[in-house]
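Heads up, the sequence shown is in our numbering, so the first residue is 412 and it goes up one at a time. Cβ coordinates follow ideal geometry from the N, Cα and C atoms, glycine included. Taking it in order: structure first as structure tokens, then the write-up.
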Amino acid sequence: MDAIDLAIIAELERDGRLTNVELAQRVGLTTGPCLRRVQRLEADGVIRGYRAVVDPAAVNRSFEVLLDLSLEAQDSDTVEHFEQTLAQAEEVLELRRLFGSPDYFVRVAVADLAAYESFLSRHVMTIPRIKNITSHFTMKTVKTA
């Protein structure tokens with residue numbers, strides 16, 4: 412990757428809806444070479460996709476909770492079942508396996524406290540071999556990616 416590829420990536424991270432014409436102007440290329448570079452970055456997996464950033468309140472998911480979660484065992488069946496179960500839950504925005512303690516970081520978005528309690532009861536507490544769950548309630552989001 413050269414400086415132009417990095418400039419393309421930076422511009423698309425700022426605004427993934429740029430037209431090829433706008434992007435080419437911003438990075439100092441003509442449209443043909445710019446489009447070929449973007450297509451190559453997509454094909455190589457550098458650019459993995461594009462998404463919309465949605466206001467959580469508009470979709471009734473403004474109550475965000477961060478979970479620290481540990482399992483009783485780290486065998487492959489326990490880990491695989493836990494990860495598959497939580498990854499399928501629409502309330503889970505992010506699921507990360509960590510080194511050290513806790514074993515997992517889970518970011519959840521729901522409508523309110525009652526919806527969070529329901530999520531815990533329906534999804535998390537039904538998974539066998541969970542040792543510990545600590546919930547952290549978001550007071551304010553200062554910065555997101």
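Under three-state DSSP, which class holds residue i?
i: Phe474; result: strand
i: Ala522; result: coil
i: Thr545; result: strand
i: Val457; result: coil
Out of the options, state which residue places its alpha-carbon closest to the alpha-carbon of residue i.
i: Glu528; options: Glu502, Arg508 and Ile541; result: Glu502
i: Leu497; options: Thr555, Tyr461 and Ile541; result: Ile541
i: Asp455; options: His492, Asp416, Leu524 and Val535; result: Asp416
i: Val438; options: Ala421, Ala463 and Glu453; result: Ala421
i: Asp426; options: Phe530, Ser487, Tyr515 and Gly460; result: Gly460
i: Arg428; options: Ile458, Ala463 and Thr441; result: Ala463
Using DSSP bridges, identify the partner residues of residue i.
i: Tyr515; result: Leu480 and Arg508
i: Val465; result: Partner(s): none; Val465 has no beta bridge.
i: Val553; result: Its beta-bridge partners do not exist; DSSP assigns none.
Taking residue i and residue j to be in contact with their CB atoms under 8 Å, please state how far apart those CB atoms are, rounded to whole angstroms.
i: Val476; j: Ser546; result: 5 Å
i: Ala526; j: Phe474; result: 7 Å
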